[in-house]
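Please read the structure below before turning to the comments.
Number of protein chains: 2
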Amino acid sequence: MDRPELGFLLSRLMREVMAREKPILDAAGLEMWDYAVLTALAESDAPTQAQLAATTGRDKTRLIGNLDRLEAEGMVARQPDPADRRNRIVSLTPGGAEILRRCREAIEAMETELLADLDPADRAAFERALTALAEAGR
Amino acid sequence: MDRPELGFLLSRLMREVMAREKPILDAAGLEMWDYAVLTALAESDAPTQAQLAATTGRDKTRLIGNLDRLEAEGMVARQPDPADRRNRIVSLTPGGAEILRRCREAIEAMETELLADLDPADRAAFERALTALAEAGR
DNA sequence: GCTGATCGTATGCGGCAGTAGATGATCTGT
DNA sequence: ACAGATCATCTACTGCCGCATACGATCAGC
């Protein structure tokens, strides 16, 4: 049962995916973390910064800098939560959403190409399994 | 086609796997990198340090420290290559192989448990696809 | 034999990571 | 009204990362 180490396979694939994402994000003037933040923002509505840090896995103090930059460039907006004014509610601006949409499109195309060599059934199973497993880690 | 970002799924799963590996490696007194090095050593025979750095993805100057430690603890041995005395050929000692074997066993058990909830067919396809994709990144 | 390249090693740099403590604004429980 | 908790922010600290450089030993081509 000389199964190849799950961790090593994942890290190798991860490196490959990131290498292919980088030029796309560079072209849009985004860092990896920026993209993660924007994506999280598009998926959950009206998150507070602490929530955003939790869902992206980014340290909350590090997140601040990213948001500063993204806000300065008009991609996100921070508003005090009317229900609890300690919170800052972060949201995507239309401009940010548009940039995100373009990146996402390019990245999906890249991923499609990356997965193209797989047997279609395997590919579907791979995506299904990966989604389930990623969920398992909460 | 709102496919969930491959990169994000991978990073979440990766974090989960590493979190589960950590206690096992801690118990054996190994760092993540040590384990990667030992595993690479078990798989390819008589690699030079430069080759080892390439296959593990570790910076060659950083690798030195790991090898120093592993050598001091008797897990690996460094020998000058008789064919080219600039090279140092790194090899697993029996003791190192034994420690690696035990870790690998525990980690495989952990992985088996992690994958246990998957549909068996999906699981097989997942491993097949992951192996193929990891290969794609050379 | 010389020159230039390669390998292992040591060292220093800048960058990025998380953690911890302090601060000010704000909320909650009593 | 007051005490304690929470949130965003700032700053200092520590540790790991890759990268570049330098150096001595060694090899290969001419």
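Same order as they appear, the protein sequences are chains A and B.
Counting along the first sequence from 1, when you hit position 35 you're at 35 in the working numbering, and nothing is skipped either side.
Counting along the second sequence from 1, when you hit position 121 you're at 259 in the working numbering, and nothing is skipped either side.
By construction, the Cβ of each residue, glycine as well, lies at the ideal position given by its N, Cα and C atoms.
Compute the Euclidean distance between the alpha carbons of residue i and residue j, then round it to the nearest angstrom.
i	j	result
residue 79/A	residue 68/A	13 angstroms
residue 72/A	residue 271/B	38 angstroms
residue 160/B	residue 4/A	18 angstroms
residue 81/A	residue 195/B	45 angstroms
residue 197/B	residue 85/A	47 angstroms
residue 145/B	residue 14/A	7 angstroms
residue 44/A	residue 115/A	27 angstroms
residue 188/B	residue 61/A	38 angstroms
residue 17/A	residue 127/A	15 angstroms
residue 256/B	residue 119/A	19 angstroms
residue 76/A	residue 94/A	9 angstroms
residue 245/B	residue 96/A	42 angstroms
residue 55/A	residue 74/A	22 angstroms
residue 102/A	residue 228/B	47 angstroms
Compute the beta-carbon to beta-carbon distance between residue i and residue j, rounded to the nearest angstrom, for a pair I have assumed lies under 8 angstroms.
i	j	result
residue 34/A	residue 63/A	Between residue 63/A and residue 34/A the Cβ distance is about 11 angstroms, and since that is not below 8 angstroms, they are no contact.
residue 130/A	residue 147/B	5 angstroms
residue 263/B	residue 121/A	7 angstroms
residue 12/A	residue 110/A	Contact doesn't hold; Cβ gap of about 17 angstroms is too wide.
residue 226/B	residue 186/B	7 angstroms
residue 237/B	residue 166/B	6 angstroms
Let me check one thing: in DSSP terms, what residues is residue i bridge-paired to?
i	result
residue 89/A	48/A and 79/A
Looking at the unbroken alpha helix (DSSP H) that takes in residue i, where does it start and where does it end?
i	result
residue 7/A	6-28
residue 114/A	94-114
residue 34/A	32-43
residue 71/A	60-72
residue 130/A	120-136
Might you give, ordered along the chain, the residues of its own chain that have their beta carbon closer than 6 angstroms to the beta carbon of residue i, omitting 5 neighbours on each side?
i	result
residue 41/A	92
residue 1/A	Summary for residue 1/A: the model assigns pLDDT 45, below 50, so the residue's position carries little reliability; its value from the coordinates is reported in the next sentence. Here the set comprises nothing.
residue 163/B	173
Check whether the Cβ of residue i sits closer than 7 angstroms to any heavy atom of the ligand HEM, and report yes or no.
i	result
residue 222/B	The ligand HEM is absent from the structure shown, which contains no ligands of any kind.
Can you find the residues in the same chain that come closer than 8 angstroms, C-beta to C-beta, to residue i, ignoring five residues on each side of it along the sequence?
i	result
residue 31/A	25 and 66
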